[in-house]
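Shown next, in structure tokens, is the structure this report addresses.
There are 2 protein chains.
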Amino acid sequence: MAENSDDQAGGAAVSGARWTQEPAGLLRVEEGFRLDAVDTRATPGYAGDKKTAGHDLASCGRELGDLQERLYAAHHEADSGPSVLLVLQAMDTAGKGGIIRHVVGAVDPQGIELAAFKAPTEEELAHDFLWRVRRQVPGPGMIGVFDRSHYEDVLIGKVRELADAEEIEQRYQAINDFEAELAEAGVRMVKVMLHISPDEQRDRLLKRLDRPDKHWKYNPGDVDERRLWPDYMAAYQAVFDRTSTDAAPWFVVPADRKWYSRLAVQRLLQTALEVIDPQWPAADFDVEVEKQRLLAT
Amino acid sequence: MAENSDDQAGGAAVSGARWTQEPAGLLRVEEGFRLDAVDTRATPGYAGDKKTAGHDLASCGRELGDLQERLYAAHHEADSGPSVLLVLQAMDTAGKGGIIRHVVGAVDPQGIELAAFKAPTEEELAHDFLWRVRRQVPGPGMIGVFDRSHYEDVLIGKVRELADAEEIEQRYQAINDFEAELAEAGVRMVKVMLHISPDEQRDRLLKRLDRPDKHWKYNPGDVDERRLWPDYMAAYQAVFDRTSTDAAPWFVVPADRKWYSRLAVQRLLQTALEVIDPQWPAADFDVEVEKQRLLAT
């Protein structure tokens, strides 16, 4: 790619953008990870700035689109096969919607399965907490996106004491078992927490209040949740301690700068697809015979 | 919009692109419509060419995205309310996929409900032909897209005699009743047939055969369907004669030039949204009170 030739002169350069190190390595939750040590304004691994980010998002979006099309072509009609599942968790205003619009939205909608998990319905509450999630696992060849997820059941579920402590404990294990089962079935999970500071959230909520065309995104309940910030951070820390596994690792993406978090999530998706390395399927027909049949019509 | 100021000098100009007349009027199937009189290479109503089309698709995509966001904001959490349903029907290679990727793909995926109807499963065959379609009707505030639809049951269903003539007859009426019910519930339907010539299809199929990265899109069965072209055109004519209603009109979009068909379908969607005219919802909270609550945290 011509536009990256300058980066590629540097030894550690990564194709596709101004990445000097892979977010998949830098942002991954490893043993001993401390959420409170993360700088939410940082832009780890990216050598560009806000100005270059728009360009890189577009050019990497084309690369991601190409990989997605290969994944779809190779696997979408099979009974089993690889898929990708992006799980998005975050405090309000952290930018889940922007990721879906600008990162996910840049690839062919025919290859995307998007699921938004809101407060559970009565029917959903009548089942195990993973029931509604299992129904939305992406099929072979697809990229699934969870806007919130089963992690709500150990985040708001814990903070608001919607379940007792013993039940919460059991859920971590149930999640790990579930995700190990998904990984075994070929689902490559990319679990992302978009991490903003409380100050950044206040600024973003104030902006929503200032703009009548953003009022619909504002919910007075957001302020109530905001008051529980330390409790939520503790619940996230417990999630990372208990559920960041080799089969399904967590990535904490600094998100005070939207341009960075979008680029980073895009890159994480691209890495997941590159590991799958989908190839155009070979023709299951004789190309020359088909040409003759076609020309005879 | 600055880029259209030249067009707007002309009296009949339409905002948003180089449209001199609305596709919603020009392409609509009215009494006496003859499919065989349509020029598949024509570009009715559009004063630009292939070069301007890319620019117009992008700028009108932003307008469409704005309207979609208003629709979503105003209605998506309500129990009832307006939605848009784009129904796409076409012979193979006519460009349904490109419409989904380049027109639908330009708006926020969170506001889109995409449903692809393939050959019915056993479960689907055990029900009335509209059963699987009813389950995919877009909810309030959403734009639904049907990649094929219940019309397959009177197209391939008729051509391949998958149902007897009497049953096909009954289906036209069932479809009209169903669509009148949808319209009553606020679903604004935009039923589109992308219309290509048999020569154009042959060229496109040959191109797929020439490119290994397109082989996966080629199906030898496409040639068998192609041999039945006149039968399909007769079945489409019958569909137009029987099911183009005020509640749910058909539009036949010349599609030999992909750049035209994409612009035209985009414009049809935009017109549907403009008729709904969604407005940003008013705040259901006191903005000043919320600012104070927020600043106190």
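So the sequence lines, in the order shown, correspond to chains A and B. Our numbering puts the first sequence at residues 12 to 308. Our numbering puts the second sequence at residues 12 to 308. Built from N, CA and C at the ideal position, the CB exists for glycine as well.
- Scanning A:129, A:108, A:185 and A:275 for the CA closest to the CA of residue 139 of chain A turns up A:185.
- Listed along chain B, no residue sits closer than 9 Å to residue 289 of chain A by beta-carbon distance, the nearest being about 11 Å off.
- Using beta-carbon distances, residue 226 of chain A counts as an interface residue toward chain B, with a partner under 8 Å.
- Against chain B, the CB of residue 123 of chain A has a partner CB under 8 Å away; the residue lies at that interface.
- Judged by DSSP secondary structure, residue 67 of chain A falls within the alpha helix (DSSP H) whose first and last residues are 61–86.
- When C-alpha distances from residue 39 of chain A are compared across A:258, A:285, A:305 and A:284, the shortest belongs to A:258.
- Restricting attention to B:163, B:225, B:273 and B:262, the CA atom closest to the CA of residue 84 of chain A is found in B:225.
- Beta-bridge partners of residue 202 of chain A (DSSP): A:98 and A:261.
- Just so you know, the alpha carbons of residue 243 of chain B and residue 251 of chain B end up roughly 12 Å apart.
- Look at residue 186 of chain A here: in three-state DSSP terms it is helix.
- At a cut-off of 8 Å between C-beta atoms, residue 37 of chain B does not count as an interface residue with respect to chain A.
- Per the C-alpha coordinates, the member of A:156, A:155 and A:179 positioned closest to residue 163 of chain A is A:179.
- One alpha carbon belongs to residue 273 of chain A, the other to residue 110 of chain A, and they sit about 6 Å apart.
- By DSSP's assignment, residue 127 of chain A forms a beta bridge with A:158.
- With contacts defined as CB atoms closer than 8 Å, residue 51 of chain B and residue 267 of chain B qualify as a contacting pair.
- Using a CB distance cut-off of 8 Å, residue 128 of chain A does not count as an interface residue toward chain B.
- Under DSSP, the beta-bridge partners assigned to residue 30 of chain B are B:57.
- With respect to residue 28 of chain A, residue 77 of chain A sits apart: the two C-beta atoms are not nearer than 8 Å.
- When Cβ-Cβ separations below 8 Å define contact, residue 301 of chain A makes contact with chain B.
- Residue nearest to residue 245 of chain A within the set A:134, A:34 and A:165 is A:165 (criterion: CA-CA distance).
- Around residue 286 of chain B, the same chain offers 199 as residues with beta carbons nearer than 8 Å, after the five sequence neighbours per side are excluded.
- For residue 220 of chain B, the enclosing alpha helix (DSSP H) has its first and last residue at 209–221.
- The residue among B:203, B:172, B:177 and B:118 with its C-alpha nearest the C-alpha of residue 160 of chain B is B:203.
- Here the C-alpha atom of residue 92 of chain B lies approximately 43 Å from the C-alpha atom of residue 253 of chain A.
- Excluding sequence positions up to five before and after residue 283 of chain B, its CB lies within less than 6 Å of the CB of 95, 199 and 201, all in the same chain and listed in chain order.
- Cβ neighbours of residue 106 of chain B within its own chain (closer than 8 Å, five residues either side excluded): 205, 207, 266, 269, 272 and 273.
- Residue burial annotation: residue 100 of chain A is buried, with at least 16 other C-beta atoms found within 10 angstroms of its C-beta.
- For residue 97 of chain A, there are no C-beta contacts with chain B under 7 Å, since the nearest C-beta of that chain is about 12 Å from it.
- Only buried fits residue 157 of chain B, as 16 or more other CB atoms lie within 10 angstroms of its CB.
- Residues of the stretch 67–84 of chain A that bring their beta carbon within less than 7 Å of a beta carbon in chain B comprise 84, in sequence order.
- With distances taken between CA atoms, residue 216 of chain A lies nearest to B:299 out of B:44, B:128 and B:299.
- A Cβ-Cβ separation of about 5 Å places residue 278 of chain A in contact with residue 34 of chain A under the 8 Å criterion.
- Sorting B:129, B:32 and B:291 by C-alpha distance to the C-alpha of residue 223 of chain A places B:291 at the top.
- For residue 251 of chain B, the uninterrupted alpha helix (DSSP H) run begins and ends at 240–254, by DSSP.
- Partner residues in the beta bridge of residue 39 of chain A, as assigned by DSSP, are A:262.
- Taking CB atoms only, residue 149 of chain B has no neighbour in chain A less than 8 Å away.
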